[in-house]
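Working notes, structure below.
Written out as structure tokens, the structure reads:
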């Protein structure tokens with residue numbers, strides 16, 4: 002690796018804009034969702050009824066039925082990431098047809114994506130738990 | 003995509019394949035979320051786990067759409083992680099190792115889903 006050379010500040014001084022924040026959040030949600038697939042597969046296998054090891058089954062059952070706020074907030078974060086990645090993916094596909102590329106339309110579609118994800122997660126949460 | 007000597011896809015075909023998977027996944031994801039939510043709401047709320055929901059889908063008549071949806075999802079994940087590896091890892095050897103390991107992991111996960119929920 003090269004030695005530490007001095008750099009001018011880049012991330013600490015640049016104004017955070019909606020375009021940059023939504024773009025990096027698309028990549029972050031993509032990677033978080035791929036980790037969540039692995040975790041949810043492993044977790045659903047542990048909580049299944051065909052497991053011969055009672056110790057692991059008991060751990061999975063306690064985590065699943067406790068309703069602890071850590072578990073529920075992780076589920077809420079995964080749900081929010083899923084809906085955000087879906088709607089922003091549609092926005093990327095619209096850009097790939099070279100449409101809605103002006104800066105005003107970019108901001109408008111960005112706000113539309115954010116409101117859609119918030120509405121979707123709130124309605125899904127309400128349907129699942131109430 | 004990363005190394006020209008060992009890459010399977012060139013960048014243009016990679017771009018089109020990723021877009022194809024994304025377009026196919028739009029109606030499939032809508033179907034998947036609707037079936038999951040309807041399963042959870044139509045059965046008593048005690049004792050519902052994610053495993054039971056997936057097993058219900060795997061035993062019903064919709065299992066072929068579920069196989070197709072999970073396959074396209076895992077391929078989409080594989081191409082997406084390949085792009086992240088290409089952006090953030092700066093040595094060619096490490097890129098090659100990481101992309102091969104990710105592809106093996108994706109195949110293993112597809113195997114797990116098929117055996118556990120369908121086969």
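Residue numbers (the working numbering), protein chains in the order written: chain L, 2 to 131; chain Y, 3 to 121. By construction, the Cβ of each residue, glycine as well, lies at the ideal position given by its N, Cα and C atoms. These figures come from a predicted structure and were not determined experimentally.
Check, Outcome
"Residue 68 of chain L and residue 47 of chain L closer than 7 Å at C-beta", "no"
"Alpha helix (DSSP H) segment containing residue 17 of chain L, residue limits", "Here residue 17 of chain L belongs to no alpha helix (DSSP H), and DSSP marks it neither H nor E."
"Residues in the segment 31–65 of chain Y having any Cβ partner in chain L nearer than 7 Å", "31, 39, 42, 43, 51, 52, 53, 56"
"Reduced DSSP category for residue 110 of chain Y - H, G, I as helix; E, B as strand; rest coil", "helix"
"Any chain Y beta carbon closer than 7 Å to residue 65 of chain L", "yes"
"Reference residue 91 of chain L; option with closest CA among Y:16, Y:29, Y:33, Y:114", "Y:29"
"Residue-chain proximity (residue 1 of chain Y, chain L), Cβ-Cβ < 7 Å", "The displayed coordinates of chain Y run from 3 to 121. Any statement about residue 1 of chain Y would go beyond what the structure contains."
"Collapsed DSSP secondary structure at residue 64 of chain Y in the structure displayed", "coil"
"Neighbouring residues, chain Y, relative to residue 41 of chain L (Cβ below 8 Å)", "52"
"Under the three-state DSSP convention, the category residue 11 of chain Y falls into", "coil"
"Which of helix, strand or coil DSSP assigns to residue 91 of chain Y", "coil"
"Per-residue contacts from residue 99 of chain Y into chain L (C-beta, under 9 Å)", "The premise fails here: residue 99 of chain Y is roughly 18 Å from chain L at the closest Cβ pair, so nothing lies under 9 Å."
"Interface positions of the segment 67–91 of chain L facing chain Y (Cβ-Cβ less than 8 Å), listed along the chain", "87, 90, 91"
"Interface flag, residue 128 of chain L vs chain Y, CB-CB below 7 Å", "yes"
"Cβ shell of residue 43 of chain L (< 6 Å), same chain only, five flanking positions each side left out", "none"
"Helix, strand or coil at residue 43 of chain Y [DSSP, three-state]", "helix"
"Exposure of residue 53 of chain Y, with buried meaning 16 or more beta-carbon neighbours within 10 Å", "buried"
"Distance between beta carbons of residue 35 of chain L and residue 25 of chain Y, contact taken as under 8 Å", "So it is not a contact: roughly 19 Å between Cβ atoms."
"Same chain only: Cβ atoms within 8 Å of residue 74 of chain Y, ignoring 5 sequence neighbours per side", "23, 26, 27, 30"
"Partners in chain L for residue 114 of chain Y, counting only beta-carbon separations shorter than 8 Å", "42, 46"
"Residue 93 of chain L, DSSP secondary structure in three states", "helix"
"Residue interval of the alpha helix (DSSP H) (run including residue 111 of chain L)", "104–130"
"Terminal residues of the alpha helix (DSSP H) in which residue 9 of chain L lies", "Residue 9 of chain L -> no alpha helix (DSSP H), and no H or E assigned at all."
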